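Visitor:
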Amino acid sequence: MGMVNTMLILLLFISSIHLGTTTTTTNLFREYIGADSNNVKFSDVPINPSVQFHFILSFGIDYDTSSSPSPTNGNFNIFWDMDNLSPSQVSSIKNQNSNVKVALSLGGDSVNGGYAYFDPSSVDSWLSNAVSSLTKIIKDYNLDGIDIDYEHFKADPDTFAQCIGRLIQTLKTNGVISFASIAPFDDDQVQSHYLALWKSYGHVIDYVNFQFYAYDKGTTVSQFIDYFNKQSSNYNGGKVLVSFISDGSGGLSPSDGFFKACQRLKSQHKLHGIFVWSADDSMGNGFRFEKQSQALLAIH
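Numbers -22 to -1, 1 to 278, taken from mature numbering (1 follows the signal peptide of the UniProt record, and there is no 0), label the letters of the sequence shown in order.
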């Protein structure tokens, strides 16, 4: 009888540890890079050895690379700065920093001046093309994960959910990626698509890179906390990361109390990590807020 009790207590202890992982603070820092082609390199960005650091290449898009691009039904092409962010540079930054992983983001706002639409011909054909084209890019570049950042849609939420959910599931099952994130923001059309995806496939999504900088410029600390709590309940059970935009064009900026909000969330064990859009813009201020973000995350 004593043995059974001991086992039961041990099991309860193990399960409580497991449950604890969803609420504990993590030291994850993520940075989008490469969308502006302004010669930013991985090695330009300061990397604190005490954080988990994800670079997110922006963007892989299922459009062709012509001067007036059109959708390719899941055949992804590289639209980031390939000269400065090449496979050898990915290997080099990872070899020099054991805490660095590199992902690629899919979609984004625009392609060559026009909107980048999620526009599949059918779920199965898009999925088949996406799995094969992305597997090649991910292997060529020695990448670790993907991020979903479609912002414009010519497909209904359920089609988006099936395509993206099955894509993440397949790439994980095949051992091609070890993590996946989504990057929604507070817009009705955007949220309807991502919440449908979350409802069906939330279990395969590791992080929610919520674009808090898409809220109005001049957001206050208390508004920011309210937004965070609202989105944490929308993406229930998800690791919702907080974020700022380097150029200060929206949301709660580092100069107006972003780090104060982070401290508050951290004290409530709700700070799952910080991400920044983007390294390309942060070059101009010497990455000072990247340094500050990582210093805050590194303190346990």
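Note that beta-carbon positions come from the ideal geometry of N, C-alpha and C, so glycine has one too.
As the structure is a computational prediction, the values presented were derived from the model and not from experiment.
Cα separation between residue 213 and residue 238?
Guide: Locating residue 213 in the sequence shown gives position 235, where the first residue counts as 1. Locating residue 238 in the sequence shown gives position 260, where the first residue counts as 1. Their Cα atoms are separated by approximately 23 angstroms.
Visitor: At the level of alpha carbons, what is the spacing between residue 109 and residue 99?
Guide: The residue labelled residue 109 in the question sits at position 131 within the sequence shown. The residue labelled residue 99 in the question sits at position 121 within the sequence shown. The straight-line gap from Cα to Cα measures roughly 15 angstroms.
Visitor: Quick one: what does DSSP say residue 161 is sitting in, helix, strand or coil?
Guide: Residue 161 sits at position 183 when you count from the first residue of the sequence shown. Residue 161 falls in the coil class under three-state DSSP.
Visitor: Which class does residue 190 belong to by DSSP, given the choice of helix, strand or coil?
Guide: In the sequence shown, counting from the first residue as 1, residue 190 sits at position 212. It is helical.
Visitor: Please confirm whether residue 30 and residue 51 have their CB atoms less than 7 angstroms apart.
Guide: Taking the first residue of the sequence shown as position 1, residue 30 is located at position 52. Taking the first residue of the sequence shown as position 1, residue 51 is located at position 73. In this structure, residue 51 does not lie closer than 7 angstroms to residue 30 by Cβ.
Visitor: Can you tell me whether residue 125 is helix, strand or coil according to DSSP?
Guide: Counting from 1 along the sequence shown, the entry for residue 125 is found at position 147. If DSSP states are grouped into helix, strand and coil, residue 125 belongs with the strands.
Visitor: Checking the sheet assignment: what are the DSSP bridge partners for residue 9?
Guide: For the purposes of this step, residue 9 is taken as the residue at position 31 of the sequence shown. According to DSSP, residue 9 bridges with 33 and 254.
Visitor: Taking the CB atoms as reference points, tell me whether residue 184 and residue 157 lie closer together than 7 angstroms.
Guide: Taking the first residue of the sequence shown as 1, we reach residue 184 at position 206. Taking the first residue of the sequence shown as 1, we reach residue 157 at position 179. The answer is yes: Cβ separation under 7 angstroms.
Visitor: Have a look at the DSSP bridge pairing and note the partners of residue 39.
Guide: By 1-based counting over the sequence shown, the position of residue 39 is 61. DSSP output for residue 39 lists 55 as bridge partner(s).
Visitor: Could you check if residue 69 is buried or exposed, using at least 16 other CB atoms within 10 Å of its CB as the buried criterion?
Guide: Within the sequence shown, the letter at position 91 stands for residue 69. With fewer than 16 Cβ atoms within 10 Å of its Cβ, residue 69 is classed as exposed.
Visitor: Name the one or two DSSP bridge partners that residue 49 has.
Guide: In the sequence shown, residue 49 corresponds to position 71, counting from 1. Looking at the DSSP assignment, residue 49 forms a beta bridge with 41.
Visitor: For residue 221, write down the residues that DSSP places opposite it in a beta bridge.
Guide: As a working mapping, residue 221 is identified with position 243 in the sequence shown. DSSP lists 253 as partners of residue 221.
Visitor: Let me know the secondary structure DSSP gives residue 83 once reduced to three states.
Guide: If you number the sequence shown from 1, residue 83 lands on position 105. Three-state result, residue 83: strand.
Visitor: Rounded C-beta distance between residue 219 and residue 187? I'm assuming under 8 angstroms.
Guide: By one-based count along the sequence shown, residue 219 stands at place 241. By one-based count along the sequence shown, residue 187 stands at place 209. About 5 angstroms separates the two Cβ atoms, so the contact holds.
Visitor: Specify the secondary structure class of residue 96 as computed by DSSP and reduced to three states.
Guide: Within the sequence shown, numbered from 1, the residue matching residue 96 stands at position 118. Three-state DSSP puts residue 96 in a strand.
Visitor: Looking at residue 175: is its Cβ nearer than 7 angstroms to the Cβ of residue 216?
Guide: What you label residue 175 is simply residue 197 of the sequence shown in a count that begins at 1. What you label residue 216 is simply residue 238 of the sequence shown in a count that begins at 1. No.
Visitor: Cα separation between residue 182 and residue 274?
Guide: For the purposes of this step, residue 182 is identified with residue 204 of the sequence shown, where counting begins at 1. For the purposes of this step, residue 274 is identified with residue 296 of the sequence shown, where counting begins at 1. Approximately 28 angstroms between the Cα atoms of the pair.
Visitor: Is it true that the CB of residue 83 sits closer than 7 angstroms to the CB of residue 122?
Guide: For the purposes of this step, residue 122 is taken as the residue at position 144 of the sequence shown. For the purposes of this step, residue 83 is taken as the residue at position 105 of the sequence shown. Not a contact, by the Cβ cut-off of 7 angstroms.
Visitor: Considering only the beta carbon of each residue, do residue 327 and residue 271 sit closer than 7 angstroms?
Guide: The question about residue 327 has no answer, for the chain in this structure spans -22 to 278.
Visitor: With respect to the alpha helix (DSSP H) encompassing residue 283, which residues constitute its N-terminal and C-terminal limits?
Guide: The structure shown does not extend to residue 283, since the chain is modelled only from -22 through 278, so no value can be given for it.
Visitor: Leaving aside the five residues before and after residue 102 along the sequence, list all residues of the same chain whose C-beta is less than 7 angstroms from its C-beta, in chain order.
Guide: Position 124 of the sequence shown, counted from the first residue, corresponds to residue 102. Answer for residue 102: no residue qualifies.
Visitor: Can you tell me the Cα-Cα spacing of residue 76 and residue 37, whole angstroms?
Guide: Within the sequence shown, residue 76 is the residue found at index 98, counting from 1. Within the sequence shown, residue 37 is the residue found at index 59, counting from 1. Roughly 24 angstroms between the two C-alpha positions.
Visitor: Note down, in chain order, each residue of its chain lying with its Cβ closer than 6 angstroms to the Cβ of residue 111, except the 5 sequence neighbours on either side.
Guide: Translated into the one-based positions of the sequence shown, residue 111 becomes position 133. Within the same chain, residue 111 has close Cβ partners 53 and 54.
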